[in-house]
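Chemist:
There are 2 protein chains.
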Amino acid sequence: MTETKERPAPSVRLLHIQEAAAEVGLTPRSVRYYEELGLLKPAARSEGDYRLYDATDVERLRFIKGLRDDAGFSLAEIAKLLEDEAAREREHVAFHATSDPAERQRILRDRLARYEHQAHMLRAKVARLQTMVDETEGRRARTAARLEALPSELAAPSTESALPAPNQETAR
Amino acid sequence: MTETKERPAPSVRLLHIQEAAAEVGLTPRSVRYYEELGLLKPAARSEGDYRLYDATDVERLRFIKGLRDDAGFSLAEIAKLLEDEAAREREHVAFHATSDPAERQRILRDRLARYEHQAHMLRAKVARLQTMVDETEGRRARTAARLEALPSELAAPSTESALPAPNQETAR
DNA sequence: CGCAACATTACCGTTTACGTGAAAGTTGAG
DNA sequence: CTCAACTTTCACGTAAACGGTAATGTTGCG
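Residue numbers (the working numbering), protein chains in the order written: chain W, 11 to 182; chain S, 11 to 182.
1. Look at the Cβ atom of R23 of chain W, then the Cβ atom of L50 of chain W, and state whether they are nearer than 7 Å.
2. So that I know if they touch, is there some Cβ in chain W lying closer than 7 Å to that of R61 of chain S?
3. So, is E13 of chain S buried or exposed, given that buried needs 16 or more other C-beta atoms within 10 angstroms?
4. Taking 7 Å as the CB-CB cut-off, is M131 of chain S touching chain W?
5. Where does R23 of chain S fall in DSSP's three states?
6. Using the beta-carbon count (16 or more within 10 Å), is L25 of chain W buried or exposed?
7. Which whole-angstrom value describes the C-beta separation of R72 of chain W and I27 of chain W, a residue pair presumed to lie in contact below a C-beta threshold of 8 Å?
8. What residues of chain S sit near Y125 of chain W, judged by a beta carbon separation below 7 Å?
9. Nearest-angstrom Cα distance between E113 of chain W and L139 of chain S?
10. Locate the alpha helix (DSSP H) running through A65 of chain W, then write down its first and last residues.
11. In terms of alpha-carbon separation, which member of S:D120, S:S56, S:G48 lies closest to E87 of chain S?
12. Based on the DSSP secondary-structure assignment, which residues constitute the bridge partners of A155 of chain W?
13. Evaluate the contact criterion for the stretch 28 to 37 of chain S versus the stretch 154 to 161 of chain W: three or more CB pairs, one atom per stretch, below 8 Å.
14. Mind checking whether R152 of chain W and Y125 of chain S have CB atoms under 7 Å apart?
Structural data, given as structure tokens:
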């Protein structure tokens, strides 16, 4: 690899908003909107006030998108789920800054509680969704069974065709 | 249970819109809106044009609500999932009307295909959601581990009593 | 019957989650 | 240094999913 330039700090690749957004399948507008709602804050700003995103920002965006698309949460609900996470993340710095073990414990417990809450909500949603899958699966199975049972009737054309439609018109 | 009245036709209990809506946790307004979008049609209308819902209507409403709340589908997506189901349900009548086994088979196969499609979509969503649960669970586990690993310098008289955060859920 | 409670259609208002410019400034490859 | 491409904030526009209200008609219990 020929270095055309020195690479003093390749450690932190900061992305412009379009790159970050594209990375997770969002538009810059949405990302700004999420920031407006307090869902995240770019790791930094350039000299000219351009938003600059790091890896954790991108992951956070991905998580947000998952909550929205896959879990179907509203942005307001997502905001609650991540509520003070931003503020707490600032305290993550405080974690390393403090030497007080009680303080460290408090911070970690807070974080733990949040994750447990998130996992709980998600699992509840998975459970309800699974119920729907099962129901649909049940309907499918019953229909499949009826289809299986059809051939026998193929032999006997009219078993009970004397069933006049009790209601319903063909309107829509 | 003594019958205070004759029960000439207890077979089909038809509900007014408010009863049907309440049954599944919706508002009459939403139910009318869903009808406007073509998601369902009341089984009948009263003499004065009141909407009247039967059991299958209620089940359909419940399914719609599940798709919206639990699966997070938009009403447009739900419309697609149930798309011709309404039309096909009309054909369900045709199923009993026809004596043509080939026709019956076609109808059932159509129905089967729809259920399979629905189950497929739901399972895909469950899978993605499960991934999110796992990720969150992973973060939780790592945080828990770090908490465990905290130096037992807890000898320091912390201001807070060391009661393990009562993880209370306010979920409905 | 009488009438309170509920229903119907029609229409306007609201919130959410962005899209779409406009005007002005910033970046960075060449 | 230039200049196209990108970004900023501000502001207005919009589709989706209903909520509310009005004007009017329907039900059904007493």
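All C-beta atoms, glycine included, are put in the ideal place defined by N, C-alpha and C.
Modeler: So, from the data block:
1. no
2. no
3. Summary for E13 of chain S: the model assigns pLDDT 43, below 50, so the residue's position carries little reliability, and this model does not support an answer.
4. no
5. coil
6. buried
7. About 15 Å separates the two Cβ atoms, so there is no contact after all.
8. Within 7 Å Cβ-Cβ: T146, R149, R150, T153.
9. 34 Å
10. 65 to 79
11. S:G48
12. In DSSP, A155 of chain W forms no bridge with anything.
13. no
14. no
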